[in-house]
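Start counting at 1 in the sequence shown, then tack on 236, and there's your number in this note's numbering.
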Amino acid sequence: MSQNPSVEDANQCMKCGFCMYNCPIYKVDHIESHVARGRNVLIKQANEKTIPTDAEYAERLSFCLLCGRCAAVCPARVQSPEINVAARANLVNKKGLSLPKRAIYRGILKNRRLMANLLGMAAWVPGVSTKGGKPLRHMADFTSIFTKGLALPRLSRPFLAARLPEKTLPPVGVKTKGQLAFFPGCAFEFFLGDTGESIVKALAQAGYEVIYVKDLSCCGLAVRSAGDMKTAKLMAQHNIERLEGFDNIVTGCATCGSALKDYGKWFADNDPTNAKAVALSAKVKDFSEFLAKEGVSNKSQSESPAPLIVTYHDPCHMKWHQGVSNQPRELLRSIEGVKFVEMEGADDCCGLGGAFTLAHRDVSLAIQDKKINNIAKTGAQVVVTSCPGCIIQLKDGIKRHGLNVEVKHISELLNYQDPNAKIQTNPKP
Ligand code: SF4
Ligand code: SF4
């Protein structure tokens, strides 16, 4: 059943203010129109046509990370982030998308092959990729001019599609428990390829045949968050068609996981895709959610006799959107040689919020600062998380603060039971 709120649902807000003390943005700027309570009033007024839906209104709508925390604490269960997305969609319907956004959302992100080709060409520019040439070695840092200082990861060469076989089998001696489809998402596919590989290896080590499904699209969440529902639904539809034959669908990206689990709500009840979307969403699991039920136990990869001190950052798309927070901790505590320490505000947003970090860099950095200070206070050597976006933001913050802390995806902490075991693979046909 479709449950997506519309702008009319802003009327349900009873203005209690609970959201204000939980909103990462309000906590740093104290501006009422940047938090659910104030924005719901604006959305209600815009819906009643008592205020104009002009550039100022669009700017207010943009001051939201869509982190989901306000909805999680709201006593009236007002789905404020989804109401905001509905309001953004109304703006897109009324005013259309800017030319660059149209080109990126509808031209590049929707067309995975074109995206791969364009990024593939960019990867040949020396310094832009992890295996790039020497002369312009700092090219990735140069790109930070366009990202307002945010250090983006380099492109991985080759991309994940060229590294993984169509089927990765469990190592010899590990009993096969079943099969799953792996949803890599754009970040692991094009930027964090090594992490993408480690996710697949850990799943195979746990006894699963991991299928790398060709020609998947972007999950669509970034496009939907910007209000382009039509393109997001086309992306979802494509992924549903490619994945509907699998019983288990696993992703290592919290953002993709929250999108795939929500596909069932993206299509109205009378939409022919609705039933398929609902069925698919029910089969999606995050990497740690999937593995925690397996009770995998592992040794730390650290060769030091002293325990590796590890803390965990909850991605908003895991904790507030999927309700997954115990499982990654269970996994980390199960790793021999790891000492897990909880950080203060572990479930506070890191401040990235996709395009938010580029649109409102000062606010994003103020939120990031709090997170990095909390990481520093733990004395952890490694901060683990489950979302490529958070990995990028945490690495950026750690670099800015000059901390000696590594940032890793949870799969990278898991060692294989037999380090000599080779993961069997089936070559691509
Ligand atoms: S917590 Fe919910 S009901 Fe209360 S002000 Fe915020 S959105 Fe409105
Ligand atoms: S979704 Fe997050 S950033 Fe947006 S209003 Fe709610 S708590 Fe604040």
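Where a beta carbon is used, it is the ideal one built from N, C-alpha and C, also for glycine.
Simplified DSSP assignment, three categories, for residue i
| i | result |
| --- | --- |
| K521 | strand |
| T547 | strand |
| E295 | helix |
| E425 | helix |
| I571 | strand |
| T593 | helix |
| I485 | strand |
| C249 | coil |
| D404 | What sits at residue 404 in the sequence shown is Thr, not Asp. Looking at T404 - three-state DSSP - the assignment turns out to be strand. |
| E566 | helix |
| F503 | coil |
| V271 | coil |
| N326 | helix |
| L527 | helix |
| I287 | coil |
| N347 | coil |
| A442 | coil |
| K555 | helix |
| V459 | helix |
| D430 | helix |
| G625 | helix |
| N240 | coil |
| C300 | coil |
| R342 | helix |
| L639 | coil |
| N475 | helix |
Within 9 Å, strictly: CB atoms of residue i and residue j
| i | j | result |
| --- | --- | --- |
| L516 | G493 | no |
| V620 | I603 | no |
| L333 | D464 | yes |
| Y448 | K521 | no |
| N484 | L416 | yes |
| V577 | V546 | yes |
| A544 | Q617 | Reading off the sequence shown, one finds Leu at residue 544, where the question assumed Ala. Against a cut-off of 9 Å, the Cβ pair of Q617 and L544 comes out as a contact. |
| N276 | I319 | yes |
| T412 | E445 | yes |
| I628 | K644 | no |
| S298 | A495 | no |
| S673 | R296 | Within the shown structure, residues of the chain are numbered from 237 to 665, placing residue 673 beyond reach of any answer. |
| A440 | L405 | yes |
| I279 | A325 | no |
| V243 | C255 | no |
| K337 | A462 | yes |
| D505 | P260 | no |
| N669 | A322 | The requested residue 669 does not occur in the structure, where the chain is confined to residues 237 to 665. |
| A720 | F523 | Nothing can be reported for residue 720: it is not among the residues displayed for the chain, which extend from 237 to 665. |
For residue i: DSSP bridge partner residues
| i | result |
| --- | --- |
| Y231 | With the chain covering only 237 through 665, there is no way to say anything about residue 231. |
| N266 | Correcting the residue identity first, residue 266 is His in this sequence and not Asn. Answer is none; H266 lacks a bridge partner. |
| V620 | Y548, K644 |
| G576 | Per the sequence shown, the amino acid found at residue 576 is Phe instead of Gly. Bridge partners of F576: V546. |
Test: residue i CB closer than 9 Å to a CB of chain D
| i | result |
| --- | --- |
| D632 | In summary, chain D is missing from the structure at hand, where a single protein chain is found. |
> Would the region 435-444 and the region 454-462 be scored as touching if the rule is three or more Cβ pairs under 8 Å?
Replying inline: no
> Taking three-plus beta-carbon pairs below 8 Å as touching, is the region 335-354 in contact with the region 276-295?
Replying inline: Verdict: no, contact absent.
>> Would you call the region 301-317 in contact with the region 416-434, where contact means no fewer than 3 C-beta pairs closer than 8 Å?
In response: no
> Touch check for the region 613-630 and the region 546-554: three-plus C-beta pairs under 8 Å?
Replying inline: yes
>> For the structure I just gave you, are there three or more beta carbon pairs, one from the region 469-485 and one from the region 588-608, closer than 8 Å?
In response: No, because fewer than three Cβ pairs between the region 469-485 and the region 588-608 fall closer than 8 Å, the two stretches do not touch.
>> Would the region 554-574 count as touching the region 627-638 if we require 3 or more Cβ pairs under 8 Å?
In response: no
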